[in-house]
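Line order of the protein sequences matches chains A and B. Each residue of the first sequence is one higher than the last, beginning at 973 in our numbering. Each residue of the second sequence is one higher than the last, beginning at 973 in our numbering. Glycine included, every Cβ here is placed at the ideal spot set by N, Cα and C. A quick write-up on the structure given underneath.
2 protein chains.
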Amino acid sequence: MENTLRTQLQSAIRSIPDYPKKGVIFRDVTTLFGDADAFSRSVDALVEPFVDKGITQVAGIEARGFILGGAMAHRLSSGFVPVRKPGKLPRDTISVSYELEYGEDRLELHKDAVEPGQKVLLVDDLIATGGTAEAAIKLLRQLNADIVAACFIIDLPDLGGADLVKSFGIPVQTLIEFEGD
Amino acid sequence: MENTLRTQLQSAIRSIPDYPKKGVIFRDVTTLFGDADAFSRSVDALVEPFVDKGITQVAGIEARGFILGGAMAHRLSSGFVPVRKPGKLPRDTISVSYELEYGEDRLELHKDAVEPGQKVLLVDDLIATGGTAEAAIKLLRQLNADIVAACFIIDLPDLGGADLVKSFGIPVQTLIEFEGD
């Protein structure tokens, strides 16, 4: 079953060599999202350990984490909280910077998005170095959220992001790994 | 029931006066998305007419349409197709410009996102003048998609967007109207 899902996801994810630059293989999940069965099974597999765990919000990272996170929140009958790029949220926000290969970027969260102690699942399509996930964790912890786990379809283990998230004491759930990326 | 949902949505949506500029009331759906019951009922109400209608893809407009559309696609056991801002999709795209109050913007769609004749639901959180919806319709029709309907939580009827979408022969489903916006 596990292996069947992995095989299905491996063929549903489109690998694009030398994108966005030479030597990088981009893992394109739009083909997975567009495949009804692969999308449905991915969402179900990501939420499965957390059904009946009292999750109050799924926090999705802009933008592909919104697609997955919206589906997961509906499946769990929880709320959805957007973790957004700068300047996109209309009310008072908190903000955390993170490093990019060149320069830095920022993520923002509404100050009233989560109440202290609420049980939050963090989600994005892919974890690489973990920089954005780390920023999202810092934001949610500033609001004293209880981050139950972080969920990603794809893990690029060579880049260490999953280990970084675990170092914050947060369990990581992923569905497929691509090594050598 | 209808009125109960409307009343619930009216209180779940946060209205922000003079945002993003003086005289405009911004309708903030992040509070609705964060409210588990309001989010769940909104998704269920939007998909309800289309269950068993053979929808193959839900096309969501970046970025809030991703949250709703991901949930709707999962609920309908369909695929999800992102209609994105420029430069975000990794493979060959088609592109349509639309007018903003000052200047213009563009939406893009992967060329292979939809096959001819596939039944697509278009979704965004809100319809105002309908400029982005029109651009998304043009993109989907370039791929010969069968756009079954366009769904929005919020309609601002004074701005005419729903009528514009209907003028393309596409039914419009909305859950709540704010007049005078």
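For residue i, the nearest candidate out of the options (CA to CA)
{"i": "A/Ala1043", "options": "B/Ile1109, B/Leu1081, B/Ser1012, B/Glu1020", "result": "B/Ser1012"}
{"i": "A/Asp1097", "options": "A/Ile1039, A/Val1055, A/Leu1072, A/Lys1110", "result": "A/Ile1039"}
{"i": "B/Val1023", "options": "B/Gln982, B/Glu1076, B/His1046", "result": "B/His1046"}
{"i": "A/Leu1111", "options": "A/Pro1129, A/Arg1056, A/Thr1101, A/Lys1060", "result": "A/Arg1056"}
{"i": "A/Arg978", "options": "A/Leu1094, A/Val1120, A/Leu1018", "result": "A/Leu1018"}
{"i": "A/Ala1031", "options": "A/Lys1138, A/Thr1104, A/Ile988", "result": "A/Thr1104"}
{"i": "B/Leu1131", "options": "B/Phe1150, B/Pro989, B/Val1001", "result": "B/Phe1150"}
{"i": "B/His1082", "options": "A/Val1001, A/Gly1059, A/Ile997", "result": "A/Val1001"}
{"i": "B/Pro992", "options": "A/Gly1059, A/Val1086, A/Ile997, A/Pro989", "result": "A/Gly1059"}
{"i": "A/Ala1085", "options": "A/Lys1138, A/Val1053, A/Ile1119", "result": "A/Val1053"}
{"i": "A/Gly1102", "options": "A/Glu1020, A/Pro1021, A/Ser1139", "result": "A/Ser1139"}
As assigned by DSSP and simplified to three states, the class of residue i
{"i": "B/Glu1149", "result": "strand"}
{"i": "A/Phe1140", "result": "coil"}
{"i": "B/Glu1106", "result": "helix"}
{"i": "A/Asp1009", "result": "helix"}
{"i": "B/Val1019", "result": "helix"}
{"i": "B/Asp1127", "result": "strand"}
{"i": "B/Ala1134", "result": "helix"}
{"i": "B/Ile988", "result": "strand"}
{"i": "A/Ala1043", "result": "helix"}
{"i": "A/Arg1113", "result": "helix"}
{"i": "B/Ser1014", "result": "helix"}
{"i": "A/Ser1172", "result": "What is shown of chain A runs 973 to 1153, which leaves residue 1172 of chain A out entirely."}
{"i": "B/Gly1037", "result": "helix"}
C-alpha gap between residue i and residue j, whole angstroms
{"i": "A/Lys994", "j": "B/Val1092", "result": "35 angstroms"}
{"i": "A/Asp1127", "j": "A/Ser1050", "result": "25 angstroms"}
{"i": "B/Ala1010", "j": "B/Tyr1074", "result": "34 angstroms"}
{"i": "A/Arg986", "j": "B/Pro1062", "result": "10 angstroms"}
{"i": "B/Gly1141", "j": "A/Asn1116", "result": "49 angstroms"}
{"i": "A/Ala1035", "j": "B/Glu1080", "result": "15 angstroms"}
{"i": "A/Ser1069", "j": "A/Ile1033", "result": "14 angstroms"}
{"i": "B/Arg1113", "j": "A/Arg999", "result": "27 angstroms"}
{"i": "B/Ile1109", "j": "B/Leu1094", "result": "8 angstroms"}
{"i": "B/Asp1077", "j": "B/Glu1071", "result": "6 angstroms"}
{"i": "B/Gly1152", "j": "A/Asp1135", "result": "52 angstroms"}
{"i": "A/Thr1028", "j": "A/Ala1121", "result": "13 angstroms"}
{"i": "A/Gly1041", "j": "A/Asp1007", "result": "17 angstroms"}
{"i": "B/Val1125", "j": "B/Ala984", "result": "According to the sequence provided, residue 1125 of chain B is Ile. The question's Val does not apply to it. C-alpha separation (whole angstroms): 12 angstroms."}
{"i": "A/Leu981", "j": "A/Leu1004", "result": "7 angstroms"}
{"i": "B/Gly1026", "j": "A/Cys1123", "result": "30 angstroms"}
{"i": "A/Ile1148", "j": "A/Leu1048", "result": "22 angstroms"}
{"i": "A/Ile988", "j": "A/Ile997", "result": "5 angstroms"}
{"i": "A/Asp1137", "j": "A/Ala1107", "result": "Reading the sequence as shown, one finds Val at residue 1137 of chain A and not Asp. Near 10 angstroms, if we compare the C-alpha coordinates of A/Ala1107 and A/Val1137."}
{"i": "B/Ile1099", "j": "B/Glu1087", "result": "26 angstroms"}
{"i": "B/Pro1129", "j": "B/Ser1067", "result": "27 angstroms"}
{"i": "B/Val1144", "j": "A/Gln1145", "result": "38 angstroms"}
{"i": "A/Asp990", "j": "B/Glu1020", "result": "43 angstroms"}
{"i": "B/Asp1118", "j": "B/Gly1037", "result": "19 angstroms"}
Beta-bridge pairing of residue i - partner residues as DSSP gives them
{"i": "B/Asp1077", "result": "B/Tyr1070"}
{"i": "B/Gly1032", "result": "B/Pro1054, B/Val1095"}
{"i": "B/Thr1101", "result": "In DSSP, B/Thr1101 forms no bridge with anything."}
{"i": "B/Thr1065", "result": "B/His1082"}
{"i": "A/Asp1118", "result": "A/Lys1091"}
{"i": "B/Phe998", "result": "B/Ile988"}
Status (buried if at least 16 other CB within 10 Å, exposed otherwise) for residue i
{"i": "A/Thr1065", "result": "buried"}
{"i": "B/Thr976", "result": "exposed"}
{"i": "B/Val1015", "result": "buried"}
{"i": "B/Gly943", "result": "Any question about residue 943 of chain B goes unanswered here, given that chain B covers just 973 to 1153."}
{"i": "B/Gly1089", "result": "exposed"}
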